[in-house]
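To start, the structure under review is shown below, and the notes come after it.
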Amino acid sequence: MSDDIKKIMFTVRNAPHGTIYVYEGLEVKLIMAAYDADISVVFMDDGVYALKQGQNTDELGIKGFEKTYGVFVDYEIENVFVDKQSMEDRGMTVDDLLVIGEDEDTEAPIKPKVVDAAEIAAMMAEQHNIMSF
Amino acid sequence: MLHTVNKSPFQNSTLESCQRFINKGDVLLLIEDGVYGAVAGSAKSAIVEGAIQSGTEVYALSADLKARAITNLIAGVQITDYAGFVDFVEKHKTHSWL
Chain A
140 MSDDIKKIMF TVRNAPHGTI YVYEGLEVKL IMAAYDADIS VVFMDDGVYA
190 LKQGQNTDEL GIKGFEKTYG VFVDYEIENV FVDKQSMEDR GMTVDDLLVI
240 GEDEDTEAPI KPKVVDAAEI AAMMAEQHNI MSF
Chain B
5 MLHTVNKSPF QNSTLESCQR FINKGDVLLL IEDGVYGAVA GSAKSAIVEG
55 AIQSGTEVYA LSADLKARAI TNLIAGVQIT DYAGFVDFVE KHKTHSWL
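In order, the protein sequences belong to chains A and B. The numbers in my numbering rise by one with no breaks, and the one at position 60 of the first sequence is 199. The numbers in my numbering rise by one with no breaks, and the one at position 86 of the second sequence is 90.
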């Protein structure tokens, strides 16, 4: 039945915490992950800020989501990408990125995969649906 | 692919970002405040001019152009209406650059 599996991409282009977009987008991703969908997530523009490790929202009085991002792989959301230029424009490197899970065998931490605009454009073209947050 | 942009290029960099992720043969449809990106002779005209030069079909929504009294469009920008918008959505996968 693999023909029935929909390819759904989520693009995250907003910074976290300033608006509810990123948080609500995460909820939708987790809901969709419960179904048989081929999910990918691309962080671009200010969305890359959502991937910064060490976020502490205690004083904002909101839950935060770094811990939830940390179990993406457990939810079978493994195709997580970050736009290289958006990251570099904001002075971020791979070292700044949070962890989305660990390798089943080696327990090595897994980070979002850095890709360029052409790779993202090619992936977009393959999707059944793209949802923007 | 159909890319829709609804923000003015003077307000934020959505239009510029969108242009980076466009494949050859994609359609860029400017709606709402996005139509300001289609105006000729502005400080931000180069974005849409570049898109057209690299083979992107660029459209602006007539209702939004009329509402904003925009008549001086960049050469190559085409005008469509709500029915055309629906046709694009029917024909293409869509990404809304909100």
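Backbone N, C-alpha and C define an ideal beta-carbon position, used for all residues, glycine too.
Neighbour-count burial assignment, residue i, 16 or more Cβ in a 10 Å radius
i         : result
His-99/B  : buried
Pro-13/B  : buried
Pro-251/A : buried
His-267/A : exposed
Leu-19/B  : buried
Leu-199/A : exposed
Val-151/A : buried
Ile-159/A : exposed
Tyr-40/B  : buried
Tyr-86/B  : exposed
Gly-38/B  : buried
Asp-30/B  : buried
Lys-168/A : buried
Ala-189/A : buried
Val-93/B  : exposed
From the options, residue whose alpha carbon lies closest to that of residue i
i         : options                                    : result
Val-161/A : Asp-175/A, Asp-185/A, Asp-255/A            : Asp-185/A
Ala-261/A : Ile-144/A, Met-148/A, Leu-165/A            : Met-148/A
Asp-235/A : Leu-169/A, Glu-198/A, Val-187/A, Val-180/A : Val-187/A
Thr-232/A : Asp-222/A, Val-151/A, Thr-150/A, Val-180/A : Asp-222/A
Gly-240/A : Glu-258/A, Ile-216/A, Phe-220/A            : Ile-216/A
Asp-143/A : Gly-193/A, Gly-164/A, Tyr-174/A            : Tyr-174/A
Cys-22/B  : Phe-272/A, Ala-256/A, Glu-265/A, Met-270/A : Ala-256/A
Lys-191/A : Ser-225/A, Ile-259/A, Asp-242/A, Ala-264/A : Ser-225/A
Asp-228/A : Met-183/A, Gly-157/A, His-156/A            : Met-183/A
Lys-145/A : Ala-176/A, Ile-170/A, Ile-249/A            : Ala-176/A
Three-state class that DSSP yields for residue i in the structure shown
i         : result
Ser-179/A : strand
Ile-269/A : strand
Val-81/B  : coil
Ile-147/A : strand
Ala-264/A : helix
C-beta atoms of residue i and residue j nearer than 8 angstroms
i         : j         : result
Val-43/B  : Leu-65/B  : no
Thr-60/B  : Leu-102/B : no
Val-254/A : Phe-220/A : yes
Thr-8/B   : Ile-35/B  : yes
Val-62/B  : Ala-55/B  : yes
Ser-271/A : Asn-218/A : no
Leu-69/B  : Ile-83/B  : yes
Tyr-214/A : Ala-247/A : no
Thr-196/A : Leu-165/A : no
Val-97/B  : Ile-269/A : Per the sequence shown, residue 97/B should be read as Lys rather than Val. Yes. Within cutoff.
Met-5/B   : Ala-264/A : yes
Val-238/A : Gly-209/A : yes
Min CB distance residue i to chain D below 8 angstroms
i         : result
Ser-179/A : Absence of chain D from the displayed structure is noted, the protein chains being A and B.
In chain order, what are the residue ranges of uninterrupted alpha helix (DSSP H) at least 4 long that sit wholly in the stretch 7-64 of chain B?
18-24, 49-57
What residue ranges within the stretch 179-262 of chain A form continuous beta strand (DSSP E) runs of no fewer than 3 residues, ordered along the chain?
218-222, 252-254
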